[in-house]
Each structure stands twice: as structure tokens, then as C-alpha cells.
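Enquirer:
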Amino acid sequence: MSRNSSINYGMGASLSEKGKIKDGISFGAQAEGKNSFSSKGVQNSENLFIATVGARVIKVFPSGNLLIEGEKHIRHDSELQKIYVKGIVRPEDIMHDNSVLSTSLVNARIEYVSEGDFAQKKKQGWLQKILDFISPF
């Protein structure tokens, strides 16, 4: 994991060209800036996500459908991974072992969040964010 930031700004002004004053007065001004941010890390991600998360029924609709919600936290080394799931399930989609596939959820909200050293290295630093906000370039 690594993270690099660099900022270069410059301004210049002149009243003459190559040290000689022209006929009349001329004024030139120049401003330029360069801002770059790069971050490196290795993390593989696929669209296949397999996890078992316990959930509870938080509402029963008149149709018999259930609003369920569950959360699971997993700590691995210095990383904390959080899985959150919420959605509506039909009673007939609940399997014999009392589990529900995420593909059976309506209005599914599934979040996977990672916190820790690796997750932090993938983000810009606070000073870089401030300079990006105020920089005209």
C-alpha cells in the first residue's frame, strides 16, 4: 500500500521583455498550478459476494411480506469489515433452513464497508482534500 500527493503552484509578472523596456508600458502576468494525487494498493474485487448474515424481522406487512434487517462485523488483522442487509422478503422465499437468498429480497440494501489501514490508504489525505477544494486550478 502507498499514497503520494504533490502540489506545485507558480506566479509571475513582468514589466519588460528580456530586460528591455518596450515603447510604452506593458504588463504580463501568468499563473499556473499543478496538483496530483496517486494511490496504489492491491485488492481484488468480484461481483460474487458470499456471506451469511443473521437478520431479524422488523415489520410484517398486511400482505404477509416481511421487512428484514441484519448486520455482521468481521475483524481480520487490522481491518474491520461490516456487512449490512435490509429488504423485503415473501414468506414463500424463506427456505427450509430459515435462510433467504439476497436475490429474493425486494428493495434490497446491501452494504459492504471495510475500515482499517488498507481502506485508509485508498483515500486522499485531509490536507490534499482542502487544497483541492480551494485550488482554482
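With our numbering applied, the sequence shown corresponds to residues 338 to 474, in that order. Glycine included, C-beta positions come from ideal geometry on N, C-alpha and C. Treat the numbers as computed from the prediction; the structure is a model and nothing was measured.
#1: Does the region 390-405 come close enough to the region 420-431 that 3 or more CB-CB pairs lie under 8 angstroms?
#2: Roughly how many angstroms lie between the CA atoms of W463 and E416, to the nearest whole one?
#3: From the DSSP output, which residues share a beta bridge with G424?
#4: So, using beta-carbon positions, are V422 and V390 closer together than 8 angstroms?
#5: On the DSSP letters alone, give me the boundaries of the beta strand (DSSP E) that E452 sits inside.
Expert: Taking the geometry as given:
#1: A contact is defined here as three or more CB-CB pairs under 8 angstroms, and the region 420-431 meets this definition with respect to the region 390-405.
#2: In a straight line, the C-alpha of W463 is about 21 angstroms away from that of E416.
#3: For G424, DSSP records a beta bridge to I405.
#4: Between V422 and V390, the C-beta spacing is below 8 angstroms.
#5: V443 to E452 is the extent of the beta strand (DSSP E) around E452.
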